[in-house]
Amino acid sequence: MLLPIGPTASPAPPARGWIVLDRDGVINRDRADYVKTPQELDFLPGSLAAIARLTAAGFGMAVATNQSAVGRGLLTREGLAVIHAHLESEIQRAGGRLAGIFVCPHAPDADCRCRKPRPGLLQRIAAWASIDPATLTVVGDAARDLEAARSIGARAVLVRTGHGERTLQEYGLSIDFPVFMDLDAFAARWVATTADPAGEQQP
1 MLLPIGPTAS PAPPARGWIV LDRDGVINRD RADYVKTPQE LDFLPGSLAA
51 IARLTAAGFG MAVATNQSAV GRGLLTREGL AVIHAHLESE IQRAGGRLAG
101 IFVCPHAPDA DCRCRKPRPG LLQRIAAWAS IDPATLTVVG DAARDLEAAR
151 SIGARAVLVR TGHGERTLQE YGLSIDFPVF MDLDAFAARW VATTADPAGE
201 QQP
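Here full-length UniProt numbering is used: the first residue of the sequence shown is 1, the next is one more, and so on.
Structure follows, in C-alpha cells:
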C-alpha cells in the first residue's frame, strides 16, 4: 500500500482551528528541478513571519506537500527529512511552529491516494488531529491544492505566489474562494477576523 509520510502522535487541539499549508510556492519558492537540499529551500518574503503570526494567534499549523522527487529517485526519504528539519528550525527561529509535515512522496504514475488533488493527505491530517476534515483551512498556490480541499469540504484559500497567478487565470471568473497576495497577507487577515474572510479585492 502506498502511504504518505507524516507524524502519528496526536497533537494538542489548537485554540482557533487548523490551517494546512502547501509548501512549494507558499512557504518557499518552487523549483522546476525540485528542492533537494536545505540550501535550496528559498523562503518567500514574509512567509516565516506569517507562520509565526498564525501560531501566536492560536492556530494549529501543518503542511501537506507533494514531493515526487522522492518517487522519481532524485531525493531519498532521509534527504527529505533533513530538508524538513531545516524548514521547522527556521520557522521556530522566526517564532512559529509546525505541528506536522505530511508528504506524498510518490511519483505521479504511482496511483496513490495521497498525491494532491486526491484527498489522502488532508484526510490523514484530519484523522491525526481527530477533527472533521471540513473544518480545515487549506492554503495553496495551485489548482490541485484547491481541488483537494474542496473534495473533503474544507475551506480552500489561494495565494498568488508560486503558481497562484496561473491558477487564477485557469479559474477565470469562477473564483469562489478567498485570494491573497501571499501568505503574509493571508495571515494578517485571518488573525484579524473571526468571521468569514473573503480575501483581497481582485483586479
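Note that the Cβ used here is the ideal one computed from N, Cα and C, for glycine as well.
1. State the DSSP-derived secondary structure class of Ala69, mapped to helix, strand or coil.
2. Does the region 164-180 come close enough to the region 30-48 to have 3 or more Cβ pairs within less than 8 Å?
3. If we require 4 or more residues per run, which alpha helix (DSSP H) segments fall completely within the region 77-110?
4. Quick one: is Gly95 buried, meaning 16 or more other Cβ sit within 10 Å of its Cβ, or exposed?
5. Output needed for Leu183: all residues of its chain with C-beta closer than 8 Å, excluding positions within five of it in sequence on either side, in chain order.
6. Please list, in chain order, all residues of the same chain as Thr76 whose beta carbon is under 8 Å from its beta carbon, the five residues on each side excluded.
7. To the nearest angstrom, report how far apart Leu168 and Ala149 are at their CA atoms.
8. Roughly how many whole angstroms lie between the Cα atoms of Cys112 and Leu3?
9. Helix, strand or coil: how does DSSP classify Gly164 here?
10. Under 8 Å between the Cβ atoms of Ala99 and Pro38?
Let's see:
1. Of the three classes helix, strand and coil, the one that applies to Ala69 here is helix, per DSSP.
2. No: the two stretches stay apart, fewer than three of their Cβ pairs being nearer than 8 Å.
3. At a cut-off of 4 residues, the continuous stretches assigned as alpha helix (DSSP H) that sit fully inside the region 77-110 are 77-93.
4. Taking every protein chain shown into account, the CB of Gly95 has fewer than 16 other CB atoms within 10 angstroms, so this residue is exposed.
5. Correct list, in chain order: Leu21, Val26, Ile27, Leu44, Gly46, Ser47, Ala50, Ile51, Val139, Val159, Thr161.
6. By the criterion of a C-beta distance shorter than 8 Å, Thr76 is surrounded in its chain by Val70, once the five residues flanking it on both sides are discounted.
7. A direct Cα-to-Cα measurement between Leu168 and Ala149 gives close to 16 Å.
8. Straight-line Cα distance between these residues: approximately 8 Å.
9. Three-state result, Gly164: helix.
10. The answer is no: Cβ separation not under 8 Å.
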